[in-house]
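In this text, residue positions in the sequence shown follow this note's numbering: the first is 35, and each later residue adds one.
Where a beta carbon is used, it is the ideal one built from N, C-alpha and C, also for glycine.
These numbers were taken from a predicted model, which means no experiment stands behind them.
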Amino acid sequence: MRTLKVLALPAICIALSGCATSWVVDSEVRSHSSLQGFVPGAGYRFERLPSQTDSEPARAAQDDLEAMAAPALAAVGLRPDTAAPRYTVQVSARVTRVPSPWDDPWDHGPWGPRWRGYGAWGWGPGWGPGWYGAGWYGPGYFGPPPQPWYLREVGVVMRQLPGNEVVYETRARHDGPYHRSRDVLPLMFRAALQGFPNPPAGERRVDIPLGGEAPAVEAPPAPAQP
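Next comes the structure, spelled out in structure tokens:
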């Protein structure tokens with residue numbers, strides 16, 4: 035189970051004064067490369083799909099996403115160059131709210147006393163919060179509300195110019211309870227580019243510390259009154 039993990043046990047932290055927690059974003063990464071002769075410092079420009087430019091909200095959302103990816107690209111030796119780039123880079127991301135693996139399936143599954151709807155966030159056309167339905171409740175049911183949980187995916191596709199040939203593709207996937215995507219997605223781009231330009235074959239796990247104090251986790255919604 036891939037989660038945003040607390041490496042120091044909470045019970046120990048409570049019992050022992052001065053105990054520090056270290057948070058990591060653990061991503062499952064898969065990369066494909068046919069990149070030859072890469073020279074650090076090569077220039078790139080971002081490339082966008084028509085759906086990422088057909089409206090002002092779509093353009094603003096893609097601006098945000100590219101700003102999150104830029105530090106990871108710089109860390110592997112790429113620099114922005116819109117005048118004479120050697121490569122184009124297309125970035126994407128998706129954030130979906132899903133049932134928590136810690137929820138009781140009887141309480142929160144479609145066959146249980148109640149259900150809830152889940153929506154998605156994404157960067158691209160129609161970006162913004164999805165929906166989270168209040169659901170319905172059986173009479174007299176006092177079960178706990180579902181815990182917030184998020185599935186995140188990022189992708190990077192690099193093409194070589196001229197010719198527009200795809201020479202590098204990588205994706206990273208992570209799930210966990212932390213709701214601030216602006217903190218998590220930049221680390222996922224770093225994980226996705228781990229090993230560039232010659233990444234290991236097959237799927238691998240990449241852990242990157244979130245840094246700082248333990249992040250705030252979104253509180254679950256209050257239970258409805260029967």
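Item: Counterpart residues of Q124 in DSSP-defined beta bridges; Value: V191
Item: Proximity of R128 and E62 at Cβ, strictly below 8 Å; Value: no
Item: Neighbour-count burial assignment, V73, 16 or more Cβ in a 10 Å radius; Value: exposed
Item: V110 (DSSP reduced to helix, strand or coil); Value: coil
Item: For R238, three-class secondary structure by DSSP; Value: strand
Item: The alpha helix (DSSP H) enclosing D217, as first and last residue numbers; Value: S215 to A226
Item: Supposed contact pair H213 and M222 - C-beta distance, whole angstroms, cut 8 Å; Value: 15 Å between Cβ atoms; not a contact.
Item: Inter-residue Cα distance where the pair is Q86 and Q124; Value: 11 Å
Item: Start and end residues, beta strand (DSSP E) containing Y202; Value: E199 to G210
Item: For R131, the three-state DSSP class (helix, strand or coil); Value: strand
Item: Length of the line joining the Cα atoms of P182 and T204; Value: 27 Å
Item: Cβ neighbours of D241 in the same chain (closer than 6 Å, five flanking residues each side left out); Value: V58 and D60
Item: Residues of its chain near L99, where Cβ-Cβ distance is below 8 Å and the 5 sequence neighbours each way are ignored; Value: V125, S126, A127, W157 and L219
Item: Cutoff 6 Å; reference E81; Cβ partners in own chain excluding five residues on either side; Value: T122 and Q124
Item: Element boundaries [beta strand (DSSP E), containing D79]; Value: Position check: residue 79 holds Arg in this sequence, whereas Asp was assumed. Note, R79: beta strand (DSSP E), A76 to F80.
Item: Selection from R238, G245 and R113 that minimises the alpha carbon distance to S65; Value: R238
Item: Option in S89, A225, Y184 and Y78 with minimal Cα separation from S215; Value: Y184
Item: Collapsed DSSP secondary structure at W155 in the structure displayed; Value: Any reading at W155 must be qualified, since the residue scores a pLDDT of 48, below 50, and its modelled position is unreliable; no value is offered.
Item: Residues sharing a beta bridge with L185, DSSP; Value: T130 and D209
Item: Where P243 falls: helix, strand or coil (DSSP); Value: strand
Item: D60 - partner residues in DSSP beta bridges; Value: D241
Item: Own chain partners of G245 with C-beta closer than 7 Å, once the 5 adjacent residues on each side are dropped; Value: none
Item: Top-ranked residue by Cα proximity to T116, from A76, G229 and L83; Value: A76
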